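Start counting the sequence shown at 469; every next residue gets the next number (this note's numbering). For glycine and all other residues, C-beta sits at the position ideal for the given N, C-alpha and C. Since we're looking at a predicted model, the values are computed, not measured. Worksheet: the structure to be examined is printed underneath.
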Amino acid sequence: AFYTPVVASIVVVGLIWVWLLDERGLVNSLLESIGVGRVGFLSDQWLLLLSAMAVTVWKGLGYYMIIYLAALANVPRELHEAASVDGAGAVRRFLTVTVPAVRSTMVLVAALSSVAAFKVFSEVYLMAGPDGGPAGEDTTLVMLVQRTGTGLTGRVGYASAISVVVFVVTVALMLLVLRADRK
């Protein structure tokens, strides 16, 4: 069940969330039934941004969970037993045995999720529309590249420049993450 969003089409996932968060959607119906009133999840710029972020995190959560579970399964049981013999409690064992053992996995997940954050397009496009929500406030860089490089404007050079900047920032971020992993 946790991995289902990862394998589901982003278009299907986005449309389901649009249906759930719409002014007349299921979430607003539930809120109204408990007396809260309707909330403009898709019409308010901040709520739209938070909603798109939540959908993006939810979509990738199963993938990162599998990576963490694999790392946790590879933590040697002997280390936990030795820490227990030395008198370490559950929290102490977690902080001194488990976290150091999965540190490189944490760095990997940080790198993967950082790169994924720069690639966000479909979620926001489906939830906010091609204009990026109210007043274009929720436009992602990839949406800007798509909007600038295609259509009637067709400013391919400008879109390419944005893409190069995104690439450079992504590479710089990856180098920082890799450097942090070496320490």
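Selection from the options that minimises the alpha carbon distance to residue i
| i | options | result |
| --- | --- | --- |
| PRO544 | ARG560, VAL588 and THR566 | THR566 |
| LEU576 | TYR536, LEU529 and LEU515 | TYR536 |
| VAL486 | MET595, MET533 and VAL613 | MET595 |
| LYS527 | ALA585, ASP512 and ASP490 | ALA585 |
| ALA652 | THR638, GLN513 and ASN496 | Because the chain spans 469 through 651 in this model, residue 652 falls outside it and cannot be assessed. |
Cβ-based burial, residue i [other Cβ within 10 Å; buried from 16]
| i | result |
| --- | --- |
| PRO568 | exposed |
| LEU510 | buried |
| VAL624 | exposed |
| ASN542 | exposed |
| VAL559 | exposed |
| VAL592 | buried |
Contact under 8 Å by Cβ, residue i with residue j
| i | j | result |
| --- | --- | --- |
| THR564 | ALA551 | yes |
| ALA522 | ASP606 | no |
| THR524 | VAL588 | yes |
| ALA627 | GLY617 | yes |
| VAL613 | SER631 | yes |
| LEU547 | VAL570 | no |
| LEU516 | GLY601 | yes |
| PHE470 | MET533 | yes |
CA-to-CA distance, residue j to residue i, given in whole angstroms
| i | j | result |
| --- | --- | --- |
| VAL480 | SER572 | 33 Å |
| LEU609 | VAL553 | 52 Å |
| SER590 | MET574 | 26 Å |
| LEU643 | MET611 | 25 Å |
| GLY503 | GLY482 | 27 Å |
| ILE478 | VAL507 | 24 Å |
| ILE484 | GLY557 | 44 Å |
| GLU500 | LEU488 | 14 Å |
Residues near residue i by beta carbon distance below 8 Å, same chain, minus five either side
| i | result |
| --- | --- |
| THR472 | GLY530 |
| ARG561 | HIS548, ALA551 and SER552 |
| LEU498 | none |
Close Cβ partners of residue i (< 7 Å) along its chain, the five nearest in sequence each way excluded
| i | result |
| --- | --- |
| ASP649 | SER572 and VAL575 |
Nonlocal neighbours in the same chain, by C-beta distance under 6 Å from residue i, ignoring five residues either side
| i | result |
| --- | --- |
| SER582 | LEU641 |
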